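Here the protein sequences line up with chains A and B, keeping their order.
The first sequence lines up with residues 43 to 824 when you count with this note's numbering.
The second sequence lines up with residues 7 to 248 when you count with this note's numbering.
By construction, the Cβ of each residue, glycine as well, lies at the ideal position given by its N, Cα and C atoms.
The structure displayed is predicted, hence computed values, not measured ones.
See structure below.
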Amino acid sequence: MSAVWQVSRAAVRRRRLQTFVIALVVLTSTVALVVALGLLDAASAPFDRTFDQQRGAQLTATFDPAKVTDAQLAQAAARPGVAAVAGPFAQAVLTAPSNTAVQAPGVDAPPPGPITVVGRADPAGPVDRVDLWEGRWVERPGEIVLMRPPGEHYGPNEAVGSRLLLPGAPSLTVVGFASTLSQSAGAWVSPDQMPALHPTASQVLYRFTGSGTADQVRAGLATVTAGLPQGALLGSLSYLTVKQDMTATANAYVPFLLAFGVLGLVVAVLIVANVVSGAVVSGYRHIGVLKSLGFTPNQVVAVYLVMVLAPGVVGAVLGTVLGDLAAQPLLHTVFSGFDYGYFTATLSPWVDVLTLLGMPAVIVLAALVPALRAHRLSAARAISAGSAPRAGRGLRVQRWFGGTRLPRAVSLGLGLPFARPGRSALTLTTLVLGVTTVTLASGLSSSVAAYIEAGNDHVQSVSYVGDAEIGERAPTLADAAIEAKLRSLPGTAQVTAMAPVELHMVGSSQIVRGWFMRGDSAGMSTAMLKGRWASGPGEVVVASSFTAKHGLTVGDHLTLQLAGREQGVTIVGETVTGDADQVEAPWETLTALVPDPGTTRYVNQYWVRLAPGTNVDAYDAALAAAVPGLYPTAHGGGTDSLTVTIVGSTTVLTLLLAAVAALGVFNTVVLNARERRRDLGMLKSIGMTPRQVTLMMVTSMAALGVLGGLLGVPIGLAAHRLVVPAMVAAVGNALPPSMMNVWHAPALALLLLAGVAIAVLGALLPARSAARLTIAEVLRSE
Amino acid sequence: MTTGDSSNAGGTEAGQVVVHLDGVRKEYGESTALDGVSLDIRAGEAVAVMGPSGCGKSTLLNMVAGLDRPTSGRVVVNGEDLASMSETGLALFRRRRIGMIFQFFNLLDDLPALDNVALAAQLTGVSVAQARRRALELLDELGIADRRNVYPAALSGGERQRVSVARALMNRPALLLADEPTGALDSHAGEQVMDLLIDLNQIGQTLLIVTHDQRLATRCASRLVEVADGRVVRQRSLERTA
Chain A
43 MSAVWQVSRA
53 AVRRRRLQTF
63 VIALVVLTST
73 VALVVALGLL
83 DAASAPFDRT
93 FDQQRGAQLT
103 ATFDPAKVTD
113 AQLAQAAARP
123 GVAAVAGPFA
133 QAVLTAPSNT
143 AVQAPGVDAP
153 PPGPITVVGR
163 ADPAGPVDRV
173 DLWEGRWVER
183 PGEIVLMRPP
193 GEHYGPNEAV
203 GSRLLLPGAP
213 SLTVVGFAST
223 LSQSAGAWVS
233 PDQMPALHPT
243 ASQVLYRFTG
253 SGTADQVRAG
263 LATVTAGLPQ
273 GALLGSLSYL
283 TVKQDMTATA
293 NAYVPFLLAF
303 GVLGLVVAVL
313 IVANVVSGAV
323 VSGYRHIGVL
333 KSLGFTPNQV
343 VAVYLVMVLA
353 PGVVGAVLGT
363 VLGDLAAQPL
373 LHTVFSGFDY
383 GYFTATLSPW
393 VDVLTLLGMP
403 AVIVLAALVP
413 ALRAHRLSAA
423 RAISAGSAPR
433 AGRGLRVQRW
443 FGGTRLPRAV
453 SLGLGLPFAR
463 PGRSALTLTT
473 LVLGVTTVTL
483 ASGLSSSVAA
493 YIEAGNDHVQ
503 SVSYVGDAEI
513 GERAPTLADA
523 AIEAKLRSLP
533 GTAQVTAMAP
543 VELHMVGSSQ
553 IVRGWFMRGD
563 SAGMSTAMLK
573 GRWASGPGEV
583 VVASSFTAKH
593 GLTVGDHLTL
603 QLAGREQGVT
613 IVGETVTGDA
623 DQVEAPWETL
633 TALVPDPGTT
643 RYVNQYWVRL
653 APGTNVDAYD
663 AALAAAVPGL
673 YPTAHGGGTD
683 SLTVTIVGST
693 TVLTLLLAAV
703 AALGVFNTVV
713 LNARERRRDL
723 GMLKSIGMTP
733 RQVTLMMVTS
743 MAALGVLGGL
753 LGVPIGLAAH
763 RLVVPAMVAA
773 VGNALPPSMM
783 NVWHAPALAL
793 LLLAGVAIAV
803 LGALLPARSA
813 ARLTIAEVLR
823 SE
Chain B
7 MTTGDSSNAG
17 GTEAGQVVVH
27 LDGVRKEYGE
37 STALDGVSLD
47 IRAGEAVAVM
57 GPSGCGKSTL
67 LNMVAGLDRP
77 TSGRVVVNGE
87 DLASMSETGL
97 ALFRRRRIGM
107 IFQFFNLLDD
117 LPALDNVALA
127 AQLTGVSVAQ
137 ARRRALELLD
147 ELGIADRRNV
157 YPAALSGGER
167 QRVSVARALM
177 NRPALLLADE
187 PTGALDSHAG
197 EQVMDLLIDL
207 NQIGQTLLIV
217 THDQRLATRC
227 ASRLVEVADG
237 RVVRQRSLER
247 TA
């Protein structure tokens, strides 16, 4: 065993407090880092991996067969820049049965509306290798394979062998279920079947030599459509759009987790630097002894690095394990949505490897500066200086405080930080970051809550229409009678009947869902980002994510198609929340698409705003009794999983970082008390009480806490301005200023006190310990 | 008292100059700690340096130990010019040639007595087992072998100083430096340390002792060097008293 190792090991074992503080600080920071990196990786890697395995279509284009021939398409696809091509495949849009419930609680039922059906003889091929996860591929007319996320069926009746009745099409037998990340079709039939389905488009799937950016995909589209007759291209879909859709929720977590990860990392570096520099300063005599014994400067540096690295590595390893454990449920929550059945999000090994290598590297870097001080320190000075601070430092400030009318313990405490300005600066920075974290977290939670509430605060009860096909009781009353019954119930203020209908948007290969509202639809108005709520026929409102995805804006026109009928509509407003494939419109727009919507039960839910003071549970019970077949549930007031996850993980990370900041203060007070044992003994010998000693030590940190609050709150506000819009932008939405201005004077005052709270929390224990120091003990140590 | 082969310690012959200071000057900012000190110490000598507080005694000791560098002048110890050495070279020099005893012992609080002593040998590449064997021999000779597993904080002042002496002797140094070795001890423990130093010198160990204690000087030293204001003001031979 080398002398360096022996001395380091002894220091690690004997200096338990220092060892414990370093290990704990590194552990908590590592947990935050693993979670942040894990989410960052999960947000993109699983999609890319699966997409590459399937040789997914980077561009799905549909062409009008009346305007362009297959030969022309093949010729265009042979141009440079096209790496692979599949198709043309005949494509038809059929309308699925509408007699099934949609969005009933706990049920995944097939949405009624259009299904894009493509004729393909083979699931494999150079592009878009469809994953057939159950049954077999279509072999002859009369068979169909449905696109479903792996392992998922829509309702209990959906199985291989079941029959599908689509209006205007022959009866089809389901022979298999398949998935594709390319989202190229909702179902596949054999090419021989297509003529009977009356195809309206030719689908071609492309992969390009360069496709990493939207510009490259656009350039690819320009390449394959150059020279084709005008109007030949009906629509196109970039894989980047699909990827954005599928990873949006996960992406929402990344900005704030990264912010917390970076904050955690910086706090960890600062505290490690503070701990190590404190160890060096308080270890002057130790360093002097080592050097007088013949330790070379490099050996002294090695001793101090090992002293810090040993608990640091333990903290990093444990932190990685705990981070893995913490990240898994979070990943599960983030990726548990509909689209994520395509892939399983797991923590990549590189996250653990990077953390396990990176954290010790950070510790070494943080330790190097103070350790190099030990390297340079002359042995004679180290031994003679002992642990006393240099004379004269901060004396002027301390003298000034001494002249004030403050109690002596307080004035002495206020002067203490000036005796070790470097250490005080590091502690102050830690406190600033602690307050920044608390400020960011509280603002983030308020904004997220406001964002989630934006679509929920106007309705207290939502009743779903029962569906006999999934074992529920269907209502006996007709749609209009149900609405009338609802309006007659005591406590009802407003009623809106909601009809979700899948629509085809002309010019796009994707399906959009229309929410058609009847009744008091003005009351449904959610928080608007731009424009106004839809009130008349031909008007729709969409979410900001919709306009971003489809390149539209308020005032633009689009054409909706259902069962062969078309209706032009105008976007009159943009809402804060909502889906990127969803439009909201008044009932009149549905009647334009379906002349008599009353013949089919389109309405599958009734939204009710209750009169003030009405008990929601009692109301729902009365409603269930009054209208059998209606399943009322309380709406709003609770929190959805996104809110719970974001607010929950924010709280956990904030507590972690605040605890780490308090540990930094704890360490500083321990070092100060250790260095000032002689002063403390002297003060006690002339009559300072233990309580006054505690007050003095706590005051020294509380003063830094006040400064930490004054600096940390504005930085936290700025971080909130950066992080929250980035999160909302990640899901394709935007926030109105009202949701960003979540701060009020009392809340800000409390946040200013957060620094003092962290400082006092960290200082109290070692301050009390210093107060208990006996004079005899101090003299003995001298 | 054998304490190993302290005679001919560090490979020096009796009468050979072990320490040669030539016009050594040391300044700290505007104050001068040493002002042109010249001094020779021969192998086997026991030299005591005395003088009032702040006269430069400890600075002189630090120069000889290679713990500090002179502003000007030469410091040659055992034939090696310390001014030409790097920090690493000085460290290697100290571990091979110098043993130091301090007023406040300067033991490593994290190591028990035995490991404090053994550490000095381990630095020179001696195995742990071998170093501990020799450390135990030394502690035994100094009468504190039974305290080998005790940490410094639990040792008495006299015991700590004996551990410190054992550590200083581990590598059979050419020169044993003692800075107020009895300054923190009671009279009984002080007497024991004095006896120890006399025994060491009698078997050939070269000693340089810095002290305020006239009794320590006259009991242990064969020559007295008096320093005032950073200068050697007088040197005289001493007859050891009992």
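Check: Coarse secondary structure for Gln-734(A), derived from DSSP in three states; Outcome: helix
Check: Classification of Met-724(A) by the beta-carbon crowding that lies within 10 angstroms, buried from 16 upward; Outcome: exposed
Check: Cα-Cα separation between Arg-763(A) and Met-782(A), rounded to whole angstroms; Outcome: 7 Å
Check: Helix, strand or coil at His-218(B) [DSSP, three-state]; Outcome: coil
Check: Inter-stretch contact at 8 Å, needing at least 3 Cβ pairs: the region 612-624 of chain A / the region 518-537 of chain A; Outcome: no
Check: Gly-597(A) versus Leu-604(A), Val-611(A) and Thr-675(A), residue with shortest Cα-Cα distance; Outcome: Val-611(A)
Check: Contacting residues, own chain, Cβ-Cβ under 7 Å from Thr-77(B) (five flanking each side not counted); Outcome: Arg-31, Lys-32 and Glu-33
Check: Residues of its chain near Asp-659(A), where Cβ-Cβ distance is below 7 Å and the 5 sequence neighbours each way are ignored; Outcome: Ala-676
Check: Option in Asn-155(B), Gly-189(B), Arg-48(B) and His-26(B) with minimal Cα separation from Gly-42(B); Outcome: His-26(B)
Check: Sufficient close CB pairs (3 or more, under 8 Å) joining the region 105-116 of chain B to the region 86-96 of chain B; Outcome: no
Check: Close-in-space but distant-in-sequence residues of the same chain around His-194(B) (CB under 8 Å, 5 per side omitted); Outcome: Gly-164
Check: Under 7 Å by beta carbon: chain B residues contacting Ala-45(A); Outcome: Leu-125, Gln-128 and Leu-129
Check: Contacting residues, own chain, Cβ-Cβ under 7 Å from Ile-482(A) (five flanking each side not counted); Outcome: The amino acid occupying residue 482(A) in the given sequence is Leu; Ile does not appear at that position. Correct list, in chain order: Ala-301, Gly-758, Ala-761, His-762 and Val-765.
Check: Residues that DSSP places opposite Ile-104(B) in a beta bridge; Outcome: Leu-181(B)
Check: Paired residues, beta bridge with Gly-573(A) - DSSP; Outcome: Gly-615(A)
Check: DSSP three-state assignment for Tyr-281(A), whether helix, strand or coil; Outcome: helix
Check: Short-range partners of chain B found in the region 46-59 of chain A, where Cβ spacing is below 8 Å; Outcome: Gln-48, Val-49, Ala-52, Ala-53, Arg-55, Arg-56 and Arg-57
Check: Chain A contact for Glu-51(B) (CB, 7 Å cutoff); Outcome: no
Check: Segment limits, alpha helix (DSSP H) that includes Arg-415(A); Outcome: 391-418
Check: CB contact below 7 Å: Asn-84(B) versus chain A; Outcome: no
Check: Gly-320(A) versus Gly-706(A) - alpha carbon distance; Outcome: 11 Å
Check: Counted within 10 angstroms of its Cβ, other Cβ atoms place Pro-130(A) as buried (16 or more) or exposed; Outcome: buried
Check: Chain A contact residues for Thr-94(B), given Cβ-Cβ distances below 8 Å; Outcome: Thr-338, Pro-339 and Asn-340
Check: For Arg-240(B), three-class secondary structure by DSSP; Outcome: strand
Check: Minimum Cβ-Cβ distance from Val-350(A) to chain B less than 7 Å; Outcome: no
Check: Proximity to Ile-553(A) [Cα-Cα], best of Val-350(A), Pro-542(A), Pro-107(A) and Gly-177(A); Outcome: Pro-542(A)
Check: Own chain residues within Cβ distance below 8 Å of Pro-756(A), not counting five before or after; Outcome: none
Check: Start-to-end residues for the beta strand (DSSP E) that takes in Glu-581(A); Outcome: 581-585
Check: Any chain B beta carbon closer than 7 Å to Ser-71(A); Outcome: no
Check: Of the listed residues Asp-112(A), Val-770(A), Ala-74(A) and Ser-204(A), nearest to Tyr-493(A) (C-alpha basis); Outcome: Val-770(A)
Check: Residues bridged to Trp-230(A) (per DSSP); Outcome: Val-160(A) and Val-187(A)
Check: CB contact flag (Val-669(A), Lys-527(A), <7 Å); Outcome: yes
Check: Any C-beta of chain A under 7 Å from that of Ala-97(B); Outcome: yes
Check: In DSSP terms, what Ala-541(A) is bridged to; Outcome: Phe-558(A)
Check: is_contact[Arg-153(B), chain A] using C-beta, thresh 7 Å; Outcome: no
Check: Where Met-91(B) sits in the DSSP three-state scheme; Outcome: coil
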